[in-house]
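Asker: Structure incoming, see below.
In this note's numbering, the protein residues as written are 37 to 524.
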């Protein structure tokens with residue numbers, strides 16, 4: 037009889053954890069979870085990995101940054117500012133950039149990761165929007181992602197303002213003016229945000245608490261909830277052979293997906309480090325410390341807030357007087373439109389479900405061409421966003437292209453109304469045309485380029501039947517609901 041070897045230390049340790057945490061059951065269930073394979077699914081991973089880089093680099097920066105507006109006289113390595121009075125926040129930012137070993141690399145890594153994080157979230161949500169993956173049962177997860185985008189915008193604003201340089205101070209002056217334009221409560225909103233009258237002496241400390249503690253904690257919780265719901269609902273997938281609403285076709289989490297995800301994390305991390313090493317971003321030493329009597333020429337926010345400034349720049353300077361109060365409509369209307377644009381993005385899944393009456397669960401993704409109205413709405417919104425982004429730099433456009441600032445501004449004002457409507461009509465027609473082409477391919481096959489002469493003298497092109505996989509891709513979609521236009 038063969039003796040049974042006693043369990044080793046590793047087995048006993050695994051049994052100990054399994055008896056208390058149920059690790060074997062969890063591992064058996066989730067380590068073999070199937071992940072579909074498509075390049076667009078990497079967009080969400082870019083968001084996650086850049087968020088991890090933000091946390092790591094942010095922790096390093098907090099070790100050297102002093103969130104104080106107390107004035108000091110700078111005596112550091114950057115000679116052009118030696119002897120200049122500035123806040124401790126700005127002085128510590130200069131120290132991080134020039135005196136802390138690797139400080140400039142980490143600071144630029146943090147800034148680049150923030151830019152990529154917001155860009156990744158926006159692109160990730162665009163992928164979900166155009167493919168319809170926000171539909172039941174994923175509406176709540178869409179709201180989680182929307183909340184992350186919303187918080188990411190303000191997290192970037194607060195972090196961008198911490199160095200207390202002239203450029204960030206100019207941006208805060210813009211924010212203060214927008215808040216003061218709100219009737220009745222505008223003054224109170226400004227006092228609450230800045231801890232007193234702008235500029236005050238408490239801004240950096242207040243923003244530091246929001247940027248380092250409150251908002252990152254909420255965002256981390258939302259990221260965890262977002263990932264857990266992805267696991268719970270299972271992954272969406274594009275239509276294809278063997279793929280239905282009740283299964284997922286792909287590779288298991290362990291070891292295939294884990295190896296891909298690990299490699300992709302280091303690819304994202306390495307790319308961000310390369311950007312931080314070779315591309316200067318936010319050179320605060322070139323702007324100087326913030327002073328209330330100065331302003332930066334050609335000041336521009338980070339790209340993800342450019343559309344908010346563009347809203348203000350395209351508005352005429354209208355003012356009206358009501359009951360003894362002056363309403364600055366040139367600022368108030370953009371302040372109202374900005375959150376309404378974000379709210380529309382958040383509630384769209386519920387709006388589409390209400391308009392189409394669709395209450396079913398969906399796990400297969402749409403091809404954008406098969407939902408022409410939804411695709412046209414998304415393209416129209418993107419065109420509006422890009423126009424407002426350009427409008428946020430109308431002075432730079434006019435200066436660089438030697439144009440009149442009035443011509444540029446009026447062109448953008450007209451474009452804000454005309455271009456989105458034109459893009460909507462054009463995108464819808466393109467989608468309907470692509471649907472018609474797909475039906476012709478299904479009915480007649482693929483063009484081969486081979487010309488054949490028939491016995492009676494007629495010349496025709498030879499068509500080759502499509503494969504079963506191609507036919508499945510072109511035909512495995514539902515009939516449009518009320519929100520989608522009638523087929524041509």
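Don't be surprised by glycine CBs; every beta carbon is placed ideally from N, CA and C.
Because the structure is a prediction, the values reported are computed rather than measured.
So, using beta-carbon positions, are residue 203 and residue 86 closer together than 7 angstroms?
Answerer: No, they are not a contact pair.
Asker: Could you compute how far the alpha carbon of residue 378 sits from the alpha carbon of residue 113?
Answerer: Answer to the nearest angstrom: the Cα atoms are 44 angstroms apart.
Asker: If we call anything under 7 angstroms between Cβ atoms a contact, is residue 258 one with residue 169?
Answerer: No. Outside cutoff.
Asker: In the DSSP assignment, find the beta strand (DSSP E) that holds residue 162 and state where it starts and stops.
Answerer: Not the beta strand (DSSP E): residue 162 falls in the alpha helix (DSSP H), residues 139-167.
Asker: Give me the residue from 42, 444, 366 with the minimum Cα distance to residue 210.
Answerer: Checking every option, the nearest Cα to that of residue 210 belongs to 366.
Asker: Taking its Cβ as the centre, do 16 or more other Cβ atoms sit within 10 Å of residue 399, making it buried, or is it exposed?
Answerer: Buried: at least 16 other Cβ atoms inside 10 Å.
Asker: By Cβ distance below 7 angstroms, which residues in the same chain neighbour residue 519 in space, the five residues on each side in sequence not counted?
Answerer: Confidence in residue 519 is poor, its pLDDT being 49 and thus under 50, which makes the residue's placement too unreliable to answer from.
Asker: Can you give, in chain order, each stretch of the alpha helix (DSSP H) that sits fully within the stretch 405-490 and has at least 4 residues?
Answerer: Within the stretch 405-490, the complete alpha helix (DSSP H) runs of at least 4 residues are 408-427, 430-437, 441-480.
Asker: Can you check DSSP and say which residues form a bridge with residue 307?
Answerer: BP columns for residue 307 are empty, so no partner.
Asker: Check whether the Cβ atoms of residue 546 and residue 201 lie closer than 7 angstroms to each other.
Answerer: Since the first and last residues shown for the chain are 37 and 524, residue 546 lies out of range.
Asker: Under 7 angstroms, do residue 526 and residue 459 count as touching if we go by C-beta distance?
Answerer: The question about residue 526 has no answer, for the chain in this structure spans 37 to 524.
Asker: How big is the Cα-Cα spacing for residue 397 and residue 284?
Answerer: Distance between the alpha carbons of residue 397 and residue 284 is about 15 angstroms.
Asker: Which residue's Cα is closest to the Cα of residue 213: 338, 118, 371?
Answerer: Closest option to residue 213, Cα to Cα, is 371.
Asker: State the start and end residues of the unbroken beta strand (DSSP E) segment that holds residue 397.
Answerer: Run containing residue 397: none; DSSP gives neither H nor E here.
Asker: The beta strand (DSSP E) with residue 363 in it runs from where to where?
Answerer: Start and end: 361-364.
Asker: Give the secondary structure of residue 345 by DSSP, where H, G and I count as helix, E and B as strand, and everything else as coil.
Answerer: Three-state result, residue 345: helix.
Asker: Check each candidate in 80, 165, 132, 92 and name the one with the smallest Cα separation from residue 403.
Answerer: Out of 80, 165, 132, 92, 165 has the C-alpha closest to the C-alpha of residue 403.
Asker: Which residues in the same chain have their Cβ closer than 8 angstroms to the Cβ of residue 81, if we skip the five residues on either side of it in sequence?
Answerer: 297, 300, 301, 304, listed in sequence order.
Asker: Suppose contacts are defined by Cβ-Cβ distances below 7 angstroms. Is residue 71 in contact with residue 286 by that definition?
Answerer: Going by C-beta atoms, residue 71 is nearer than 7 angstroms to residue 286.
Asker: Per DSSP, residue 357 forms a beta bridge with which residues?
Answerer: Its beta-bridge partners are 362.
Asker: Checking 7 angstroms against the spacing of the C-beta atoms, do residue 167 and residue 320 come in under that value?
Answerer: No; because the gap between Cβ atoms is not below 7 angstroms, this pair is not in contact.
Asker: Enumerate in chain order the residues of its own chain whose CB-to-CB distance from residue 511 is below 8 angstroms, with the five nearest sequence positions on each side excluded.
Answerer: Same-chain partners within the cutoff: 478.
Asker: Which residue wins for smallest C-alpha separation from residue 318, given the options 139, 148, 84?
Answerer: Answer by Cα proximity: 148.
Asker: Output the distance between the C-alpha atoms of residue 266 and residue 177, rounded to the nearest integer angstrom.
Answerer: Roughly 8 angstroms separates the two Cα atoms.
Asker: Checking the sheet assignment: what are the DSSP bridge partners for residue 71?
Answerer: Answer is 287.
Asker: For the stretch 333-343 and the stretch 151-165, state whether three or more C-beta atom pairs, one from each stretch, are separated by less than 8 angstroms.
Answerer: A contact exists between the stretch 333-343 and the stretch 151-165.
Asker: Under 8 angstroms: do the stretch 306-316 and the stretch 183-192 share three or more Cβ pairs, one atom per stretch?
Answerer: The stretch 306-316, when compared against the stretch 183-192, does not touch it at the 8 angstroms Cβ threshold.
Asker: Which two residues bound the contiguous beta strand (DSSP E) that contains residue 268?
Answerer: Segment 251-269 is the alpha helix (DSSP H) holding residue 268; no beta strand (DSSP E) there.
Asker: By a C-beta neighbour count over all protein chains shown, 10 Å radius and 16 as the cutoff for buried, is residue 133 buried or exposed?
Answerer: With 16 or more other Cβ atoms within 10 Å, it is buried.
Asker: Closest by CA to residue 73, which one among 293, 473, 356?
Answerer: That would be 293, whose Cα lies nearest to the Cα of residue 73.
Asker: Go through its chain and collect everything with a Cβ distance to residue 222's Cβ below 6 angstroms, but skip five positions before and after it.
Answerer: Cβ neighbours of residue 222 beyond the five flanking positions: 215, 216.
Asker: Given a cut-off of 7 angstroms on the beta-carbon distance, is the pair residue 242 and residue 231 in contact?
Answerer: Cβ atoms of residue 242 and residue 231: closer than 7 angstroms.
Asker: If you reduce the DSSP assignment to three classes, tell me which class residue 274 lands in.
Answerer: Of the three classes helix, strand and coil, the one that applies to residue 274 here is strand, per DSSP.
Asker: Are residue 199 and residue 126 close, meaning C-beta to C-beta below 7 angstroms?
Answerer: Cβ distance < 7 angstroms, so residue 199 and residue 126 count as in contact.
Asker: Check this for me: beta carbons of residue 429 and residue 506, under 7 angstroms apart or not?
Answerer: The answer is no: Cβ separation not under 7 angstroms.
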